[in-house]
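Peer 1: Got a structure for you, questions after.
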Amino acid sequence: MFDLETQIHSWSDHLRAHGNISDADIHELENHLRDEIEDLVAAGLTPDESFLISVKRLGNVDAISHEFAKVNTENLWRHLLVEPIDSLGKQQNRRDIALVVIFALLAGTLFKIPELFGLGFQDPAAEGFYFKNLSLFILPFIAAFFLIKRKAELKNMGNDTRDFHPSGADYQCVPVIISASFYRISYQLSSSFVFVVGRRSSLYRQGVAREPG
Amino acid sequence: MNVSKDLIAASATPLILAILKENDSYGYAIIKRVKEMSENQLIWTEGMLYPVLHRMEEHLLIESYWNQSEAGRKRKYYRIKESGLTELELQKKQWEIVHNALARTWNEESDS
Numbered sequence: 001m002f003d004l005e006t007q008i009h010s011w012s013d014h015l016r017a018h019g020n021i022s023d024a025d026i027h028e029l030e031n032h033l034r035d036e037i038e039d040l041v042a043a044g045l046t047p048d049e050s051f052l053i054s055v056k057r058l059g060n061v062d063a064i065s066h067e068f069a070k071v072n073t074e075n076l077w078r079h080l081l082v083e084p085i086d087s088l089g090k091q092q093n094r095r096d097i098a099l100v101v102i103f104a105l106l107a108g109t110l111f112k113i114p115e116l117f118g119l120g121f122q123d124p125a126a127e128g129f130y131f132k133n134l135s136l137f138i139l140p141f142i143a144a145f146f147l148i149k150r151k152a153e154l155k156n157m158g159n160d161t162r163d164f165h166p167s168g169a170d171y172q173c174v175p176v177i178i179s180a181s182f183y184r185i186s187y188q189l190s191s192s193f194v195f196v197v198g199r200r201s202s203l204y205r206q207g208v209a210r211e212p213g
Numbered sequence: 001m002n003v004s005k006d007l008i009a010a011s012a013t014p015l016i017l018a019i020l021k022e023n024d025s026y027g028y029a030i031i032k033r034v035k036e037m038s039e040n041q042l043i044w045t046e047g048m049l050y051p052v053l054h055r056m057e058e059h060l061l062i063e064s065y066w067n068q069s070e071a072g073r074k075r076k077y078y079r080i081k082e083s084g085l086t087e088l089e090l091q092k093k094q095w096e097i098v099h100n101a102l103a104r105t106w107n108e109e110s111d112s
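See the structure below:
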């Protein structure tokens, strides 16, 4: 049994949930929808037919909220002439760039840590050390970057639970990749620690051995 | 024939002002009136009308109030303000300039 009231309510709820539209505006649009439905019913259509046609005429929710969002912008003309830009994607891009910069700085800092242990980058003693442990310096940040990026994407997906996402399988393999990279990091960490300590003690021993001679 | 998007956008304000000068109205009725006056040539969408209305309200050309409709529903009506009437006169003059210029050049074309 078709219940017009319920349908109209679920329509306005949907609008409320998906667009940046104020309650007064939603009320106004809902009234518009009702006017349209009334006219169609008066013209001889059944309520469910009228509802479907009216909703369709009002346009999809995204388009409506997009149009409403324009009111607050400076220049309506520009928006009418130029295709809308994906602001969400832009925002995400900006965040990604900020993350990359931060992680690059962190990686640079990490790169300097061996110097504290006397292994300067241009130190002949440290020859090969940086190259061998390159993945230790860089990999954790790449992993962290992807972790954060994927998490954000998963969250965005969660907002739209009604849409079935066929690419869900892609996301299931992400934890595997991440845990694999962490195994590698922990392996690298321990082995490089051993390497540094061993190298120092051997240097020390060499020094001791050379001194008397 | 489809009127271009630019032209629809440009003519929206003067049309709304002219309709509201006749009497107070609401979104749905304005769309119907425009359709009627343009002999079905100008079909406005809701997504376009309401933002324009809200923008005009922001610019103090019109004001809105909630009122009970015949069916007992609360409805948002728009009323033209003093500055809206001035704006309408201004727009009328501007459109007349454009219209006259176009009419003259088109007449010269047909004359020669």
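Chains as they are written, first to last, in this note's numbering: chain D, 1 to 213; chain V, 1 to 112. For every residue, glycine included, the Cβ atom is placed at its ideal position computed from N, Cα and C.
Give the interface partners of Arg16 of chain D over in chain V, defined as CB-CB distance under 7 angstroms, in chain order.
Peer 2: One-based indexing of the first sequence puts residue 16 of chain D at position 16. Those do not exist, as Arg16 of chain D stays about 16 angstroms from chain V at its closest Cβ, beyond 7 angstroms.
Peer 1: Report all residues from its chain with a CB closer than 8 angstroms to the CB of Tyr40 of chain D; omit the five preceding and five following residues, and keep chain order.
Peer 2: Here the question's residue 40 of chain D lines up with position 40 in the first sequence. A small correction: the amino acid at residue 40 of chain D is Leu; Tyr does not occupy that position in the sequence shown. Once the five neighbours on either side are set aside, the close Cβ partners of Leu40 of chain D are Glu49, Ser50, Ile53 and Ser54.
Peer 1: If we count the other Cβ atoms within 10 Å of its Cβ and call it buried at 16 or more, is Ile188 of chain D buried or exposed?
Peer 2: Counted from its first residue, the first sequence places residue 188 of chain D at position 188. What sits at residue 188 of chain D in the sequence shown is Gln, not Ile. Answer is buried; the Cβ neighbour count reaches 16.
Peer 1: Based on Cα-Cα distance, which residue from V:Glu108, V:Glu109 and V:Ile62 lies nearest to Leu15 of chain V?
Peer 2: By 1-based counting over the second sequence, the position of residue 15 of chain V is 15. Checked all of V:Glu108, V:Glu109 and V:Ile62; the closest Cα to Leu15 of chain V is V:Ile62.
Peer 1: In whole angstroms, give me the CA-to-CA distance for Ile31 of chain V and Leu42 of chain V.
Peer 2: Working through the second sequence from its first residue, we reach residue 31 of chain V at position 31. Working through the second sequence from its first residue, we reach residue 42 of chain V at position 42. When rounded, the distance between both Cα atoms is 9 angstroms.
Peer 1: Of the residues V:Glu39, V:Asp24, V:Lys35 and V:Trp106, which one's Cα is nearest the Cα of Ile80 of chain V?
Peer 2: Looking up residue 80 of chain V in the second sequence gives position 80. The residue with the shortest Cα to Cα distance from Ile80 of chain V is V:Asp24.
Peer 1: Label Ile97 of chain D either buried or exposed according to how many other C-beta atoms from any shown protein chain fall within 10 Å of its C-beta, with 16 as the threshold for buried.
Peer 2: Here residue 97 of chain D refers to the residue found at position 97 of the first sequence. Classification for Ile97 of chain D: exposed.
Peer 1: With distances taken Cα to Cα, identify the nearest neighbour of Leu136 of chain D among D:Leu29, D:Thr6 and D:Ser190.
Peer 2: Residue mapping note: residue 136 of chain D aligns to position 136 of the first sequence, counting from 1. Looking at the Cα atoms, D:Ser190 is the closest of the given residues.
Peer 1: Is there contact here, the region 70–80 of chain V with the region 28–38 of chain D, by at least three beta-carbon pairs under 8 angstroms?
Peer 2: Yes, since at least three Cβ pairs between the region 70–80 of chain V and the region 28–38 of chain D fall closer than 8 angstroms, the two stretches touch.
Peer 1: Is the CB of Asp23 of chain D under 8 angstroms away from at least one CB in chain V?
Peer 2: The residue labelled residue 23 of chain D in the question sits at position 23 within the first sequence. Taking Cβ atoms only, chain V never reaches closer than 8 angstroms to Asp23 of chain D, which makes this a no.
Peer 1: Just to confirm my understanding: we take Phe117 of chain D, look at its own chain, exclude 5 residues before and 5 after, and list those with CB closer than 6 angstroms. What are they?
Peer 2: Against the first sequence, residue 117 of chain D aligns to sequence position 117. Same-chain partners within the cutoff: Val196.
Peer 1: Assuming contact is defined by CB atoms lying nearer than 8 angstroms, are Thr105 of chain V and Gly59 of chain D in contact in what I supplied?
Peer 2: Here residue 105 of chain V is taken as the residue at index 105 of the second sequence, counted from 1. Here residue 59 of chain D is taken as the residue at index 59 of the first sequence, counted from 1. Not a contact, by the Cβ cut-off of 8 angstroms.
Peer 1: For His9 of chain D and chain V, any beta-carbon pair shorter than 8 angstroms?
Peer 2: Position 9 of the first sequence, counted from the start, is the residue given in the question as residue 9 of chain D. So, not an interface residue.
Peer 1: Return the first residue and the last residue of the beta strand (DSSP E) that Trp66 of chain V is part of.
Peer 2: Against the second sequence, residue 66 of chain V aligns to sequence position 66. Trp66 of chain V -> beta strand (DSSP E) spans Ile62 to Gln68.
Peer 1: Taking C-beta to C-beta, are Glu141 of chain D and Ala107 of chain D nearer than 8 angstroms?
Peer 2: One-based indexing of the first sequence puts residue 141 of chain D at position 141. One-based indexing of the first sequence puts residue 107 of chain D at position 107. Reading the sequence as shown, one finds Phe at residue 141 of chain D and not Glu. Yes.
Peer 1: Under 7 angstroms Cβ to Cβ from Ser12 of chain D, same chain only, skipping five residues before and after it: list those, please.
Peer 2: The residue given as residue 12 of chain D occupies position 12 in the first sequence. Result list for Ser12 of chain D: Ile26 and Glu30, in chain order.
Peer 1: Specify the secondary structure class of Ile43 of chain V as computed by DSSP and reduced to three states.
Peer 2: Counted from its first residue, the second sequence places residue 43 of chain V at position 43. In the structure shown, Ile43 of chain V sits in coil (DSSP, three-state: anything other than H, G, I, E or B).
Peer 1: Chain D beta carbons: is any one of them nearer than 8 angstroms to that of Thr45 of chain V?
Peer 2: Counting from 1 along the second sequence, the entry for residue 45 of chain V is found at position 45. So, interface residue.
Peer 1: Looking at the structure shown, is Asp163 of chain D part of a helix, part of a strand, or coil, going by DSSP?
Peer 2: Taking the first sequence and counting its residues from 1, one reaches residue 163 of chain D at position 163. The predicted position of Asp163 of chain D is uncertain, since its pLDDT is 43 and thus under 50; a value taken from the coordinates is nonetheless stated next. Reduced to three states, the DSSP call for Asp163 of chain D is coil.
Peer 1: Does the Cβ of Val52 of chain V have 16 or more other Cβ atoms within 10 Å, making it buried, or fewer, making it exposed?
Peer 2: Here the question's residue 52 of chain V lines up with position 52 in the second sequence. Classification of Val52 of chain V: buried, given that the 10 Å Cβ count is 16 or more.
Peer 1: Could you please tell me which residues of the region 57–87 of chain V, in chain order, have their CB closer than 7 angstroms to any CB of chain D?
Peer 2: Those would be Arg73, Arg75 and Lys76, in chain order.
Peer 1: With Leu17 of chain V and Leu88 of chain V assumed to form a contact (beta carbons below 8 angstroms), what rounded beta-carbon distance in angstroms separates them?
Peer 2: Translated into positions along the second sequence, residue 17 of chain V becomes position 17. Translated into positions along the second sequence, residue 88 of chain V becomes position 88. Indeed, because the Cβ distance is near 4 angstroms, the residues count as touching under 8 angstroms.
Peer 1: Please classify Ala104 of chain D as buried or exposed, where buried requires at least 16 neighbouring CB atoms within 10 angstroms.
Peer 2: Along the first sequence, one-based indexing puts residue 104 of chain D at 104. Exposed: under 16 other Cβ atoms inside 10 Å.
Peer 1: Output, in chain order, the set of chain V residues within a Cβ distance shorter than 7 angstroms of Leu58 of chain D.
Peer 2: Along the first sequence, one-based indexing puts residue 58 of chain D at 58. Under the 7 angstroms cutoff, chain V gives Glu46.
Peer 1: Any C-beta of chain V within less than 8 angstroms: which residues of the region 24–48 of chain D qualify?
Peer 2: Under the 8 angstroms Cβ criterion, the region 24–48 of chain D contributes Ala24, Asp25, His27, Glu28, Leu29, Asn31, His32, Arg34, Asp35, Glu36 and Glu38.
Peer 1: Under the three-state reduction of DSSP, which class applies to Arg73 of chain V: helix, strand or coil?
Peer 2: Within the second sequence, residue 73 of chain V is the residue found at index 73, counting from 1. Correct three-state label for Arg73 of chain V: coil.
Peer 1: By DSSP, does Val100 of chain D sit in helix, in strand, or in coil?
Peer 2: In the first sequence, residue 100 of chain D corresponds to position 100, counting from 1. Helix, per DSSP.
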